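What follows is one structure encoded as structure tokens, with my remarks underneath.
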Amino acid sequence: MEKFLLKNIENPNSADVNEYVKAGGYKNLSKALDMQPKDILEEVKKAGLRGRGGAGFPTGMKWSFAVADPKFPKYLLCNADEGEPGTFKDRPILEKNPHLLIEGMAISGYTLGSEYGYIYLRGEYPYAKDVLNKAIQQAYEKNYLGDNILGKGKRFHLAVYQGAGAYICGEETALIESIEGRKGQPRNKPPFPVNAGAWSMPTIVNNVETLSNLPYVLEIGGEAYSKIGSKDCPGPKLFSVSGCVEKPGVYELPMGTSLKDIIYKHAGGTRNGKKLKAVIPGGISTPVLPAENIDCAMDFVAMQKAGSMLGSGAVIVMDESVCMVKVTYRALKFFEHESCGKCVPCREGTEWLRKVLHRIENGQGREGDIELLTDVTWIMSGKTFCPLGDGAAGVVTGMLKYFRNEFEEHIKNGSCKFVS
Amino acid sequence: MFNETVLKEINDIRVKYPDRRSALLPSLYIAQREFGWLSHEAMLCVSKTLNLPEAEVRGTASFYAMFKNKPVGRHVIQLCTNVSCMILGAEKLVDFIGNKYGVQPGGISQDGRFSLVIMECIGACGTAPAMLVDTDFYDSLTEKRIEEILEGYK
Amino acid sequence: MITLTINDKEITLEKPVTVLEAAKQAGIKIPTLCYHEAVKPFGGCRLCVVEVERMPRLQTACTLTAADGMIVRTESETISRVRRGILEFLLINHPLDCPYCDKAGECELQDLVKKYGPTVGRFKEEKRRVPESHKDQILARNMERCVVCTRCVRMCNDVQGASAISIMGRAGYSRMEPFSSASFNCEYCGNCLTVCPVGAILSRLYIHSFRPWQVDREVETVCSYCGVGCSLVVQVRDESIKRVIPKIGFGLNKGLLCSRGRFGYEYINSPDRLKTPLVRKNGKLEESTWSEALTIIADKLTKIKKADGGSAIAGIASPRCSNEDNYVFQKFMRMACGTNNIDSISRTGFAAAQKYFEDVLGQGITANIIEGLKNSETILVLGGDPTAINPILGLSIREAARRGAKIIVLGNAKGLERFKTLQLVPEVFKEADLLDALLVEISHAKGVRGEISAIDKGIRMLSEKSAGNKNVQGFDELKNILMSSPSTSIVLGMDIVQRTDGHRALFAIAGLTYLLEARLYLLSEKPNEQGLIDAGCVPDMLPGGRPLSIHDFKRKFEDLWNGAIPEDDGMTLFEIIEGARGNKIKALYLMGENPVFNLPGKFYIKESLKALDFLVVQDIFLTETAEIADVVLPALGWTEKTGTYTNLERRIQLQKKAVEVSHGMEDWRIISEVSNKMGYRMDYAESKDIMDEMAKVSPLYRDLTYREISYGNCLWPYLGEPLRGEISEVPEASYVANQYKEDFYLSVEKPLYHSGTLSRRSPALLKMYPEPALKVGAKSAEKLGLNEGDRVQFFTQTGSREAAVSIDESIKDNRVYFSNNFQGDGVYSLMTCNIDKVTKAPGIEGCEVKIKKL
Ligand SMILES: Cc1cc2nc3c(=O)[nH]c(=O)nc-3n(C[C@H](O)[C@H](O)[C@H](O)COP(=O)(O)O)c2cc1C
Ligand code: SF4
Ligand code: FES
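Right under this line is the structure:
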């Protein structure tokens, strides 16, 4: 498949505006400004574009809610928090193809009637911050941003906001709290951000990859876009592949490419040919799949059917040498650390789970621990304030579903056989 | 208090947002740069500059992992040990750095040269294990490579 | 109309509320922990989960808005299991130290666990440890008990507006802390104590001293500190106050309190309280008996009245005493002593301003309910910091600001620093010029209406002169805001009244109030300044605001009181003091007042009072003034007697007796005994009898009973009756403008934690602000090369003092502030005053001060 999102990134100067324009950049922005916003929205809907941040919400639908709200100003926030462990798909866009994102945001801003956009960039990407700031400056100079874009009388202003190390700020209402200068704790919904988000105004939060798809939708038209990949959720998709594979990295493939193909066809199969044991398909918050279950299409709908989630499309591959108890423990350590502390089940539950898992991994598991883990995750699942807590519980539940014997062995033997 | 240049820097940020509070995180970054870490004095400066309550400034700062609430070494090593990095041996690297440079996670080396912070995923899983030293990014780490890299940070 | 079903019960709602509230209305209780009605919903604890048909997940009732057709279940096996689980989670890191914890017995966590379990915990790992913080003198903090419901933080930020605490850290390391991580350094309202569901924040005033159920009684009463009059509950054990708590949603304060109201009660149990009457014998005050003391007073007053006439006697009433006390006092002065020389310390501000505004604009002009401030679009604040003088009123201003109202501050107001929209800092003591200019411009733009002849005439005269000075930064913005504001309130502190030309500013404010149809609020430092005026403790007015000069009124009272009221107009406060000095006044009767301490020119006042033939002081402490008295009588204090108080919005409220004490008598009782001895009968068995009489004679209290008053909603009883008649001229005095050239001027600090004689005997308040500091603005400090904590000596023409410097960024002009709330010589001892010829209030502006670093 021809690459669009990662087009040209091998070019060492790909982040430069001239290179971008040379490769056909910003012509879709120009095209967009000659269209009516409602027609662009129609194209987005026709394209069937769904959010790439994890939840897969139809972008056109989200936008139409915000457009319908009569309040102004409206804000467009780009979610570049990319915190989901295993995920590094937005980074190449941010670092190597920033003008694609800027063009996408300018088009989105025009479509939504929003004149102010902010890129919420995770603090862990200091290099991307420099690249983006430079690119934004160039875009202003070339009149792709500003008060009179391309002389067509439209305004759009863009700035980068740097996060400071909090995974929860990827959740859209926490992100809004954070950009308002507060702790990133999720807000109660409703009101939804599309009606009362940042600074109480209608706000659209979209992932980097989602927004970067806009120029493409305009270039080939919604109709043609909707024919790429899966029927329910079309378009190109970035997959980050990491762990025990030969060729880890980010792959731009049609949505719906099978998980098996991603690992074996594109990422070169398991490292050193070791036996595949399990795959976390969509970032650490998505339930694990055992090696036998990887023959499934990677899209939002099919992955749900397969008992997991597409999430951010972050494939973590684990071979036979990896201890699942340890992975579970490490994942929970992450969730415990990243819990925002607002709600009880997540704040206390992750800590409890982590402590028990730590014990089991270190050979101090007790009889009844598995039942205890099961019960604690039951109390958490579906009762936390936001999906972070659910994700944490889901990891444990998923691991226990397929690898219960490994936990039992740890407890029975009082040790971990994977310790080298 | 901050000097004029810093105040101007903060003001330039402030005007980009509809509300002065938004300048809080950027100002904390600036204060951290100026003071090395977010001491009470540093946070007081931020509070005064933005006319925000002191406790809220500190409360907000303490929520974010990248704001340091205690003094740090001349260089901060931020090493990821999350799953993808762990699978590829990041934990051993923690031990290695600990033994070689005398700095434990959350701590600071005796000579004040390094602080070590364990990070949750820094988005380099494809080239794991990875770390940030100050704001420089390094990946595909091995013990040897770490040694070479850290040579450059005196 | 919304109809929903909760536990098979159909509920109809008028307006959308949360499911939690809907359930409450239907008498269904859903357990909660992070929810509290005084703060915004949070949704963190997840205990209030309910099942809603057609919704996949359990929902939190505290955040879910009830919708038409919803079918809700609040109890089920699953729900119980979740609640038990959540509680188990909360207990995993809890120290389970209930036997030692003061909260036991009123702990919401304890109650919930008792109801929903679990009975055993399965958590076997190590608990998180957070050492208890002993670093604050008022608030004890134990973060192991904290459930991170954030109620305290939401209270502190969103309601109190102090924003002194925050949740520090995140996840399991979350804990509530003040900025310093040690001492709170906050407004010490203690409202966090009210909302903390567990024993994580406790008051050191009662820690480890009793169990919540070990109280003999709880009495609902009204605070004794300022003119707001907050409702509160005193808990009594062994006839002493153990704790003051508010009742959420109750009273005009709706369950909020300030530092003084909550923590300032200890003075009442002070060992310094006067216990027996004292009589001066051979130059020394000696313990005496009631009968001896009262006889001496009656004899002496009778003698002076006979020899020099009633006009040689004067009385000073007290805004700390009840309506009943004050009513009896003025009746005694007028009928038994035969004098109209009755005034009070309220003359220094509130009474002077009140009288002026009513003269110009008509009676009841300041009868605006505090609650209404919240709905104003624009609030103009001048002459003081409402959040310190009348803290709960201040909260309404902060709430309005949060809602988007424009808050304009003229001069310095610390508590509004983060809430103001616009601040104007006129040249020192030149507010009147600015206000004149504002009035002129607004009258040009709006036109004069021609309704009230006196004020119209005054405004026209001013505008013809094109008076005033608009060269103050922000003037135009101020004008524009006021011109376009649909509803404006003006909040006036007494700082601006206490000027030699105070009436000038008052006229301009009256004019603005009139032109903008604004609401006017006078800040009132003492609890009964309004009531004292209404009771007739002013020289020229009888109870109910009836002018003495109108003959019909006078005659009516003479009939009711059975005797003759003297003809003359009577003297005001400073005239009385001058009179004492000049031997025109021979005897002075002081009820609950301490002029030697509470008035500018301490030494002058003391000398003047010493010149008296006879000085009687009735008080609860041996005050500076009592020390020079001839007879001192021990009175009863707050919670020791029942009586009514009228707050600054004219709400008449009942202060109830809560404790039984053996020493002292009610003020009114002492007075009536003296009166009886002097031959003017006063037969009141209890304070209620006095109110019954007042209800008969005063149009303000017509037909009012204690029962009605106890509901707390008695205000504005004017019934549209003109009480005073219209005046046709605005009183004006020729005034020579002062030159203010000095570098620094001394002003009176009105700190949040203190209030006159009472607070200096309240240990808790003294801990919050232990010794007076010279408050200096940042610019002045720079000019003087002063740092926080430096010691300085400062001099005025009257004297000098030493103190530490405290830099206060909110002071924008070249004034420095010193308080008058501590033992020893306060700011008043360094001041002299001139009297405003119209309002008769003291002018204490322009007190030059030289400051020397030590
Ligand atoms: C705990 C949590 C973390 C999240 N982190 C991210 C993130 O790092 N990046 C992202 O784009 N979306 C993240 N999301 C999803 C966002 O909430 C939101 O759905 C997304 O930004 C919407 O954009 P999209 O519609 O373009 O996908 C996260 C959600 C949750 C609950
Ligand atoms: S589940 Fe609760 S504690 Fe966890 S991140 Fe979401 S709101 Fe915060
Ligand atoms: S009371 Fe509803 S979540 Fe706490």
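Chains A, B and C, in that order, are what the protein sequence lines are.
So that you can map any letter, position 397 of the first sequence is 396 in numbering that gives the first Met the number 0, and since no number is skipped, the others follow by simple counting.
So that you can map any letter, position 81 of the second sequence is 80 in numbering that gives the first Met the number 0, and since no number is skipped, the others follow by simple counting.
So that you can map any letter, position 568 of the third sequence is 567 in numbering that gives the first Met the number 0, and since no number is skipped, the others follow by simple counting.
Even for Gly, the Cβ is constructed at its ideal location relative to N, Cα and C.
No experiment lies behind these values; they were computed from the predicted model shown.
Using the Cα positions of residue i and residue j, report the straight-line distance between them to the nearest angstrom.
i              : j              : result
E370 (chain C) : A399 (chain C) : 10 Å
A404 (chain C) : M482 (chain C) : 14 Å
E217 (chain C) : A657 (chain C) : 8 Å
G125 (chain B) : E40 (chain B)  : 40 Å
E566 (chain C) : S345 (chain C) : 23 Å
M154 (chain C) : G544 (chain C) : 41 Å
T269 (chain A) : M200 (chain A) : 48 Å
M130 (chain B) : G282 (chain A) : 19 Å
S107 (chain A) : G168 (chain C) : 36 Å
C832 (chain C) : N820 (chain C) : 19 Å
I101 (chain A) : I107 (chain B) : 40 Å
For a contact defined as C-beta to C-beta under 8 Å, what are the partners of residue i on chain C?
i              : result
E176 (chain A) : Under the 8 Å cutoff, chain C gives no residues; its nearest Cβ is about 13 Å from E176 (chain A).
S338 (chain A) : R169, A170 and G171
Can you pull the DSSP bridge partners for residue i?
i              : result
E50 (chain C)  : C:R72
R216 (chain C) : C:V235
K305 (chain C) : Beta-bridge pairing links K305 (chain C) to no other residue.
T838 (chain C) : DSSP output for T838 (chain C) lists no bridge partner at all.
R279 (chain C) : C:L284
D318 (chain A) : A:L275
R19 (chain B)  : In DSSP, R19 (chain B) forms no bridge with anything.
Please list the partners that residue i has in chain B, where partner means a Cβ-to-Cβ separation under 9 Å.
i              : result
R417 (chain C) : N50, L51 and P52
I315 (chain A) : V82, S83, I86 and C124
A400 (chain C) : Simply none; closest approach about 13 Å.
List, in chain order, every chain B residue whose beta-carbon is nearer than 7 Å to that of residue i.
i              : result
S241 (chain A) : S83, C124, G125 and A127
F178 (chain C) : E53, A54 and R57
I164 (chain C) : A54
What residues of chain B sit near residue i, judged by a beta carbon separation below 8 Å?
i              : result
F406 (chain A) : Neighbours of F406 (chain A) on chain B: none; closest Cβ ~17 Å, over 8 Å.
Along chain A, in chain order, which residues have C-beta atoms closer than 8 Å to that of residue i?
i              : result
S21 (chain B)  : Y160, I178, E179 and G180
L89 (chain C)  : V343 and E347
T134 (chain B) : P125 and Y126
So residue i contacts chain A; which residues on that side make the cut at Cβ distance below 7 Å?
i             : result
F34 (chain B) : Here the premise fails: no neighbours, minimum Cβ distance about 16 Å.
G42 (chain C) : N187 and F384
K15 (chain B) : A158
By the criterion of Cβ-Cβ separation under 7 Å, what are the contact partners of residue i in chain C?
i              : result
F62 (chain B)  : R169
K354 (chain A) : E124
Q. Is the stretch 226–238 of chain C touching the stretch 253–271 of chain C, taking contact as three or more C-beta pairs under 8 Å?
A. The way I'd put it, the stretch 226–238 of chain C does touch the stretch 253–271 of chain C; three or more beta-carbon pairs between them come closer than 8 Å.
Q.
Quick check: the stretch 270–279 of chain A against the stretch 308–322 of chain A, are at least 3 beta-carbon pairs closer than 8 Å?
A. The stretch 308–322 of chain A, when compared against the stretch 270–279 of chain A, does touch it at the 8 Å Cβ threshold.
Q. Does the pairing of the stretch 324–344 of chain C with the stretch 527–534 of chain C give three or more beta-carbon distances under 8 Å?
A. Flag = yes, the stretch 324–344 of chain C and the stretch 527–534 of chain C touch.
Q: Kindly provide the chain-ordered list of residues whose Cβ lies closer than 6 Å to any non-hydrogen atom of ligand 3.
A: Ordered along the chain, residues surrounding ligand 3 are C:T31, C:L32, C:C33, C:Y34, C:G42, C:G43, C:C44, C:R45, C:L46, C:C47, C:T59 and C:C61 [Cβ under 6 Å from any heavy atom].
Q: Evaluate contact between the stretch 439–455 of chain C and the stretch 833–846 of chain C, counting only Cβ atoms and requiring at least three cross-stretch pairs below 8 Å.
A: These segments do not touch.
Q. Are three or more beta carbon pairs between the stretch 14–33 of chain C and the stretch 128–145 of chain B nearer than 8 Å?
A. At 8 Å Cβ cutoff, the stretches do not touch.
Q. Counting pairs of beta carbons, one from the stretch 143–154 of chain C and one from the stretch 769–782 of chain C, are three or more of them closer than 8 Å?
A. Segments in contact, no.
Q | the stretch 118–126 of chain C in contact with the stretch 351–360 of chain A per 3-pair CB rule at 8 Å | A | At 8 Å Cβ cutoff, the stretches touch.
Q. Do three or more CB pairs link the stretch 414–434 of chain C to the stretch 376–391 of chain C at distances below 8 Å?
A. The stretch 414–434 of chain C and the stretch 376–391 of chain C touch, with no fewer than 3 CB-CB distances between them shorter than 8 Å.
Q) Looking at C-beta atoms only, is the number of pairs between the stretch 40–50 of chain A and the stretch 163–182 of chain A that lie closer than 8 Å three or more? A) With the cut-off at 8 Å, the stretch 40–50 of chain A and the stretch 163–182 of chain A do not touch.
Q.
Across the stretch 737–747 of chain C and the stretch 844–853 of chain C, are there enough close Cβ pairs to call them in contact, namely three or more that are closer than 8 Å?
A. In the pairwise beta carbon analysis, the stretch 737–747 of chain C is classified as touching the stretch 844–853 of chain C: at least three pairs are separated by under 8 Å.
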